[in-house]
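**Student:** Here you go, one structure.
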Amino acid sequence: MRKVRFNDVRAAYLEQKAEIDAAMEDVLSRGDFINGRAVGEFEANFAKYCGAAYCVGTSNGTSALHLALVAAGVLPGDEVITTAMTFIATSEAVAHAGAKVVFADIDPGTLNLDARRLERALSPRTRAVIFVHLHGNPTGIREVADFAHAHKLILIEDCAQAHGARLAHIGKPVHVGNFGAAGAFSFFPGKNIGAFGDAGALITNDAEIARRARMLANHGRKEKYTHEVEGYNYRLDTLQAAVLSVKLKNLESQVARRNAVATRYEEKLRECGLGFQGHEPSTTHARHLFVIQTEQREELQAHLKANGVETGIHYPIPLHLQPAYQMLGYKKGELPIAERIADTGLSLPMYPQLPLEDVDYVADVVCSYF
Ligand SMILES: *Cc1c(COP(=O)(O)O)cnc(C)c1O
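In the numbering used here, the protein residues as written are 351 to 720.
What follows is the structure in structure tokens.
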């Protein structure tokens with residue numbers, strides 16, 4: 351029986367092994383493990399790739415989100431609106447900033463925050479919105495940016511799943527992370543660019559946000575022994591930065607391969623009447639995950655497993671119903687779309703090196719169930 355893995359983080363390494371090994375050896379022989387040369391190089395490379403003025407490397411995506419919120423001016427006691435259909439890091443970052451998370455429902459097609467549903471989450475304390483480009487889908491960010499602008503709210507983008515995603519904006523493609531005050535990225539090994547451990551970054555076009563984020567990430571330092579404020583140890587490791595610069599060179603081709611996989615799934619699965627995430631055709635979807643929706647999720651997942659296919663669920667419990675957020679007092683039924691996606695979403699194998707014959711096999715196994 352064929353075995354199809356959900357993701358294979360070694361495949362990307364093996365494609366660039368010689369160059370990655372050399373970059374790591376370079377760091378090892380220099381010994382500049384903290385704030386070394388490769389960190390500044392990666393920050394410059396990533397800012398350029400994203401078309402942003404500044405990039406600050408961080409220890410992971412959660413710390414990048416936290417820094418983005420604080421550096422952009424979110425204060426204790428503020429409210430921050432975001433989606434309940436995301437990884438908990440999004441809302442953890444809000445709590446780390448001393449603010450309160452308020453969940454709004456998503457668009458049933460794009461699975462992203464729906465600008466038309468944000469109004470009812472507003473209060474006099476609302477300070478910011480975090481837009482999550484779920485599964486790599488940038489659709490909807492422009493409308494949420496317009497909403498944030500109209501209500502004088504800070505917009506932070508959670509781009510942890512969206513490296514490579516772009517939208518046409520005033521006639522030219524704009525990379526995600528450039529629509530608000532700052533964009534936060536994760537380089538967790540399974541993401542579209544994966545480090546060999548934890549790593550992250552934020553991008554911004556605001557010099558003051560960049561300066562504050564950089565200072566806060568390095569113990570609030572102005573100089574070695576002068577601390578302007580109390581900060582954090584949120585620095586990006588030099589070794590990870592060296593790996594990331596090499597991996598960044600392949601990002602474009604890997605996003606194209608992810609899109610080839612997704613397009614093949616869509617062609618095959620449309621024939622058997624399955625629903626999946628929609629996106630504006632004029633955008634570049636980064637295709638971190640490929641998620642289908644079915645009322646028989648558990649049965650289909652078992653059927654796929656019996657046929658050698660690994661799957662995932664992103665995410666089985668929407669954040670507003672997590673035990674960690676019981677104190678916020680949300681009830682089942684309050685965010686019906688996020689709840690329905692939590693009950694019906696099933697993530698199929700997706701990574702750039704996934705052979706198209708495997709995609710066909712997975713689609714055939716799915717369709718044979720229905
Ligand atoms: C992975 C992820 C994060 C957190 O990134 P870490 O690097 O694991 O801290 C944040 N938001 C979303 C949507 C993610 O998928």
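Ideal Cβ placement from N, Cα and C applies to all residues, glycine included.
Can you check which of these residues, A549, L425, H525 and R387, is closest to T633 by C-alpha distance?
**Tutor:** The shortest Cα separation from T633 among A549, L425, H525 and R387 belongs to H525.
**Student:** Pick helix, strand or coil for C405, following the three-state DSSP scheme.
**Tutor:** C405 falls in the strand class under three-state DSSP.
**Student:** Where does V452 sit, in a helix, a strand or coil, going by DSSP?
**Tutor:** Strand, per DSSP.
**Student:** May I ask you to report which of helix, strand or coil DSSP gives T634?
**Tutor:** Residue state, collapsed to three classes: strand.
**Student:** Helix, strand or coil for T433? Go by DSSP, reduced to three states.
**Tutor:** Strand, per DSSP.
**Student:** Using a 10 Å radius around the Cβ and a threshold of 16 neighbouring Cβ atoms, would you call L622 buried or exposed?
**Tutor:** The question names Leu, but residue 622 in the sequence shown is Cys. Its Cβ having fewer than 16 others within 10 Å, C622 is exposed.
**Student:** With DSSP as the reference, label L468 as helix, strand or coil.
**Tutor:** Of the three classes helix, strand and coil, the one that applies to L468 here is coil, per DSSP.
**Student:** Could you please give me the residues that DSSP links to P523 through a beta bridge?
**Tutor:** Paired residues: A518.
**Student:** Restricting to Cα atoms, I'd like to know which of L650, H664, I438 and K522 is closest to R690.
**Tutor:** Ranking L650, H664, I438 and K522 by Cα distance to R690 puts H664 first.
**Student:** Confirm the yes/no value for this check: CB of V482, any heavy atom of ligand 1, distance under 7 Å.
**Tutor:** Yes, since a heavy atom of ligand 1 falls inside the 7 Å radius drawn around the Cβ of V482.
**Student:** Quick check: N462 and T489, are their CB atoms within less than 8 Å of each other?
**Tutor:** Yes, Cβ-Cβ distance for N462 and T489 is below 8 Å.
**Student:** Cβ of E649 within 8 Å of Cβ of P699?
**Tutor:** Cβ atoms of E649 and P699: not closer than 8 Å.
**Student:** Is DSSP giving D556 helix, strand or coil here?
**Tutor:** Note: D556 maps to coil in three-state DSSP.
**Student:** Where does the unbroken alpha helix (DSSP H) through Q651 begin, and where does it stop?
**Tutor:** First-last of the alpha helix (DSSP H) with Q651: R647 to A656.
**Student:** Note down the Cα distance separating D355 from A612, rounded to an integer number of angstroms.
**Tutor:** The amino acid occupying residue 355 in the given sequence is Arg; Asp does not appear at that position. Straight-line Cα distance between these residues: approximately 16 Å.
**Student:** Could you compute how far the alpha carbon of F546 sits from the alpha carbon of P474?
**Tutor:** Whole-angstrom Cα-Cα distance: 43 Å.
**Student:** Is there contact between the stretch 536 to 554 and the stretch 507 to 518, where contact requires at least three CB pairs shorter than 8 Å?
**Tutor:** Taking 8 Å as the limit for Cβ pairs, the verdict is that the stretch 507 to 518 does touch the stretch 536 to 554.
**Student:** Which runs of the alpha helix (DSSP H) at least 4 residues long sit entirely within the stretch 660 to 698? Give them in chain order.
**Tutor:** Correct list: 686 to 694.
**Student:** Using a Cβ-based criterion (distance less than 7 Å to any ligand heavy atom), does G550 qualify as near ligand 1?
**Tutor:** True, at least one ligand heavy atom lies under 7 Å from that Cβ.
**Student:** Examine the Cβ distances between the stretch 392 to 407 and the stretch 553 to 573 and report whether three or more of them are shorter than 8 Å.
**Tutor:** Taking 8 Å as the limit for Cβ pairs, the verdict is that the stretch 553 to 573 does touch the stretch 392 to 407.
**Student:** Between E617 and the rest of its own chain, which residues show a CB-CB distance below 7 Å, the 5 nearest in sequence each way excluded?
**Tutor:** Nothing meets the Cβ criterion.
**Student:** Please look up how many angstroms separate the CB atoms of T588 and V377, rounded, as I've assumed it's under 8 Å.
**Tutor:** The pair is a contact, with the Cβ atoms about 5 Å apart (cut-off 8 Å).
**Student:** Identify, in the order they occur along the chain, each residue of the same chain with its Cβ nearer than 8 Å to the Cβ of A361, setting aside the five sequence neighbours on each side.
**Tutor:** So the qualifying residues of the chain are Y701, P702 and Q703.
**Student:** When you compare only the Cα positions, how much space is there between Y680 and P668?
**Tutor:** When rounded, the distance between both Cα atoms is 11 Å.
**Student:** In three-state terms, what does DSSP make of S473?
**Tutor:** The answer is coil: DSSP assigns S473 none of H, G, I, E or B.
**Student:** For S697, count neighbouring C-beta atoms within 10 Å of its own C-beta (all shown protein chains included) and say buried if the count is 16 or more, exposed if not.
**Tutor:** Its Cβ being crowded by 16 or more others within 10 Å, S697 is buried.
**Student:** For L601 and Q366, what's the separation of their Cα atoms in angstroms?
**Tutor:** Each residue's alpha carbon lies about 12 Å from the other.
**Student:** Could you check what DSSP says for R387 in three-state terms: helix, strand or coil?
**Tutor:** Helix at R387.
**Student:** With a threshold of 7 Å, establish whether the CB of K618 neighbours any heavy atom of ligand 1.
**Tutor:** Checking every heavy atom of ligand 1 against the Cβ of K618, none is found closer than 7 Å.
**Student:** I'd like to know whether the C-beta atoms of L449 and R467 end up nearer to each other than 8 Å.
**Tutor:** The displayed chain sequence assigns Ala, not Leu, to residue 449. Not closer than 8 Å, so no.
**Student:** What is the rounded straight-line gap between the Cα of V452 and the Cα of L552?
**Tutor:** Distance between the alpha carbons of V452 and L552 is about 23 Å.
**Student:** Can you tell me whether Q723 is helix, strand or coil according to DSSP?
**Tutor:** The chain is shown from 351 up to 720; residue 723 falls before or after that span and cannot be answered.
**Student:** Given a threshold of 16 other Cβ atoms within 10 Å of its Cβ, counted over all protein chains shown, does L639 qualify as buried or as exposed?
**Tutor:** It is buried - the Cβ of L639 has at least 16 other Cβ atoms within 10 Å.
**Student:** On the DSSP letters alone, give me the boundaries of the alpha helix (DSSP H) that R571 sits inside.
**Tutor:** No alpha helix (DSSP H) holds R571; the beta strand (DSSP E) holding it covers R571 to E573.
**Student:** Let me check understanding here. Comparing Cα to Cα, which of E442, D496, R562 and A422 lies closest to A531?
**Tutor:** Measuring from the Cα of A531, the nearest candidate turns out to be A422.
**Student:** For C400, which residues from the same chain have a beta carbon less than 6 Å from its beta carbon, with the 5 sequence-adjacent residues on both sides left out?
**Tutor:** Here the set comprises H525, G527 and I553.
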